[in-house]
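Asks:
As structure tokens, this is what we get:
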């Protein structure tokens, strides 16, 4: 064998190898490509490559009237569609200074929190699956299905419901919805307890999550990370508490926080959030005010269907709203809410026409993904996969 | 949010420390916004972040708006957040469109367009058709979170962030031509390109 070239070491274990993971890989939870520099089994550098499911939603929104934008934005982060709707509708409502009725606020709060549980269930099922806990996927998707049933009952669709409208919600909850929701609210904390019983003392789960993927709170803040990831590092920052929107100021709930900021804390925080969300849903259901479920401003809100056959004025409003849509005076707004993944912000620029001049979403997955390198470098490849699951990026939201 | 007098106070202090930096301030829909000269962007952002009594240490979002046909045409929006006082302020750095009308031909001393296609080094401040691109200082040194968001802004609006560690396209393919989120870029009518097929079988 020839002598090693000068500068090259004989020790082959220190050779750095660049490995491509994805974009189509079950562990990346979507179409995410990872270019990892590996030294043996240790990750030395990591570059996420994104954009594979970029569909130009923000650009398409500029070509749609305001009310037609709602189903578009739902399809960005396809697991938390109610949050996208709320971010957009809330931004437009603030632009036109339209106050939504109390019942609509409560209904929106109920559906947002149900969506949060749904999103966390998808996360828990798929991430536990990555760790080898296959049964978790079936259990989580069983409960997720009950939430989707509730969505279907209220909105007619299981996903991408288009339930929120500018001014309120499209329809009141139907008869029988409350009983079914109460049943779900009663069962959910028990189910969460069962999940914890399955995972919390599972040796494999503990050894793979404890102490892996740690990033300090200061670094997370620098990187703009929000949501459960930040809270797991001990920072009790939650927009539901910090800002006044919907019915959250009237709700009694806690912000679960972690201590170390490792993958185990991230798991604990999200599981605890599911229980807190259940409490919010229950309180909102108890306190659900009577009254209209959508604002009564005919310049922005469709008139009730029953009026169309009797009132000429309603017919004209209906026609104008459906054909041209409403115009929004020039202005710009940034409205942020707490999505299951962190701060979901919607920026809308209105130029006075019936179409937005710019819609931009500050997607929490997109920003949080920047922390992935810090979470993974100098750890094992196996830990990188766990960290990615605990990061919980939704690539539809990242790429938009 | 800082209220309207609070915003004027901030503007006055910036005016004192960095003369000419603050151009305008506005308070609409309960949100404070401050328009600044892009030349002073780092000074103003750094002051808002570090000055005692300010503490806007969290950059929530960085995005760009195209105000065509208004001039200055672009604005880079920095949504800053003070998490202790729970106050948001929007800083808008107004950028002139430096490319000639249409941006198609006859840019001042156009460089070889192919030089920008390579994704390795930092791209020269020229567009695909040789037109110059608006430039602003990158704030990654102040807010590391801006790294992806500035790349996104470059990707869609062709705004060059000087000093960015790796200013390449992020969501669109590296060989994409044009700045699709600009208001004069049409929606639709764009051919679906499969570069691999084109190269090998085209």
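Protein chains in written order, with the numbering used here: chain A, 2 to 401; chain B, 9 to 210. Every residue gets a Cβ at the ideal spot worked out from N, C-alpha and C, and that includes glycine.
Comparing C-alpha positions only, which one of 352/A, 390/A, 345/A and 208/A sits nearest to residue 77/A?
Replies: The option with the nearest alpha carbon to residue 77/A is 345/A.
Asks: May I ask you to list the residues that DSSP assigns as paired with residue 147/B?
Replies: Bridge partners of residue 147/B: none, in fact.
Asks: Of all the alpha helix (DSSP H) runs that stay within the bounds of the segment 71 to 159 of chain A, which reach a length of 4 or more residues?
Replies: Complete alpha helix (DSSP H) runs here, min 4: 82 to 97, 103 to 131 and 135 to 156.
Asks: Does residue 28/B pass the burial test, meaning 16 or more other C-beta atoms within 10 Å, or should it be called exposed?
Replies: Exposed: under 16 other Cβ atoms inside 10 Å.
Asks: Count the other CB atoms, across all protein chains shown, that sit within 10 Å of the CB of residue 12/B; report buried if there are 16 or more and exposed otherwise.
Replies: Burial call: exposed.
Asks: Would the segment 85 to 92 of chain A and the segment 347 to 367 of chain A be scored as touching if the rule is three or more Cβ pairs under 8 Å?
Replies: A contact exists between the segment 85 to 92 of chain A and the segment 347 to 367 of chain A.
Asks: With distance defined between alpha-carbon atoms, name the residue in 74/B, 87/B and 89/B nearest to residue 103/B.
Replies: The option with the nearest alpha carbon to residue 103/B is 74/B.
Asks: What span of residues does the alpha helix (DSSP H) with residue 397/A cover, start to end?
Replies: That run of the alpha helix (DSSP H) goes 396 to 400.
Asks: What do you reckon, are the CB atoms on residue 298/A and residue 169/A nearer than 8 Å?
Replies: Taking 8 Å as the Cβ cut-off, residue 298/A and residue 169/A do not qualify as a contacting pair.
Asks: Out of curiosity, what's the CA-to-CA distance linking residue 286/A and residue 107/A?
Replies: Distance between the alpha carbons of residue 286/A and residue 107/A is about 8 Å.
Asks: Under 8 Å, CB to CB, which of the residues in the segment 40 to 63 of chain A have a partner in chain B?
Replies: If the cut-off is 8 Å between Cβ atoms, the segment 40 to 63 of chain A has 51, 52, 55, 57, 59, 60, 61 and 63 near chain B.
Asks: Just confirm the distance between the C-beta atoms of residue 84/B and residue 140/B, as a whole number of angstroms; I'd bet it's less than 8 Å.
Replies: Wrong, their Cβ atoms sit about 17 Å apart, outside the cutoff.
Asks: Give the DSSP bridge partners of residue 32/B, in chain order.
Replies: Residue 32/B pairs with 43/B.
Asks: Can you check which of these residues, 203/A, 180/A, 267/A and 206/A, is closest to residue 217/A by C-alpha distance?
Replies: When only C-alpha atoms are compared, the closest one is 267/A.
Asks: Excluding the five sequence neighbours on either side, which residues of its own chain have a C-beta within less than 6 Å of the C-beta of residue 315/A, listed in chain order?
Replies: Counting only Cβ-Cβ distances below 6 Å, and skipping sequence neighbours, we find 304, 308 and 309.
Asks: Taking only runs that begin and end inside the segment 177 to 219 of chain A, name each unbroken alpha helix (DSSP H) of 4 or more residues, in chain order.
Replies: Entirely contained in the segment 177 to 219 of chain A, the alpha helix (DSSP H) runs reaching 4 residues are, in chain order, 178 to 200 and 204 to 210.
Asks: As an exercise, report each continuous alpha helix (DSSP H) stretch of at least 4 residues that is fully enclosed by the segment 338 to 394 of chain A, in chain order.
Replies: For the segment 338 to 394 of chain A, whole alpha helix (DSSP H) runs of length 4 or above, ordered along the chain, are 365 to 369, 373 to 377 and 382 to 392.
Asks: For residue 239/A, count neighbouring Cβ atoms within 10 angstroms of its own Cβ and tell me buried if that reaches 16, exposed if not.
Replies: The residue in question, residue 239/A, is buried, as its Cβ has 16 or more Cβ neighbours within 10 Å.
Asks: Given that a residue counts as buried once 16 or more other Cβ atoms are within 10 Å of its Cβ, and exposed if not, what is residue 219/A?
Replies: Exposed is the call here.
Asks: Should residue 153/A be flagged as near chain E, meaning a C-beta pair shorter than 8 Å?
Replies: Of the protein chains in this structure, namely A and B, none is chain E.
Asks: Please determine if the segment 139 to 150 of chain A and the segment 53 to 71 of chain A are in contact, where contact requires at least 3 C-beta pairs separated by less than 8 Å.
Replies: As far as the Cβ criterion goes, the segment 139 to 150 of chain A does not touch the segment 53 to 71 of chain A, which means the pair count is below three.
Asks: Inspect the CB distances between the segment 94 to 103 of chain A and the segment 385 to 395 of chain A and report whether three or more fall short of 8 Å.
Replies: Judged by Cβ distances under 8 Å, the segment 94 to 103 of chain A makes no contact with the segment 385 to 395 of chain A, as fewer than three pairs qualify.
Asks: Would DSSP call residue 301/A helix, strand or coil?
Replies: Coil, per DSSP.
Asks: Alpha carbon to alpha carbon, how far is residue 335/A from residue 358/A? Give it in angstroms, no decimals.
Replies: The alpha-carbon atoms of residue 358/A and residue 335/A are separated by roughly 14 Å.
Asks: Please report how far the alpha carbon of residue 10/B lies from the alpha carbon of residue 96/B, in whole angstroms.
Replies: Between residue 10/B and residue 96/B, the C-alpha separation is close to 7 Å.
Asks: With a cut-off of 8 Å on the beta carbons, I'd call residue 327/A and residue 356/A a contact; round off their distance for me.
Replies: Actually they are not in contact, since the Cβ atoms of residue 327/A and residue 356/A sit about 11 Å apart, beyond 8 Å.
Asks: When Cβ atoms are compared, which residues of the segment 86 to 107 of chain B fall closer than 7 Å to chain A?
Replies: Residues 87, 91, 94 and 98.
Asks: Please confirm whether residue 116/A and residue 73/A have their CB atoms less than 8 Å apart.
Replies: Not in contact: residue 116/A and residue 73/A (Cβ atoms no closer than 8 Å).
Asks: Which residues does DSSP list as the beta-bridge partners of residue 67/B?
Replies: Answer is 88/B.
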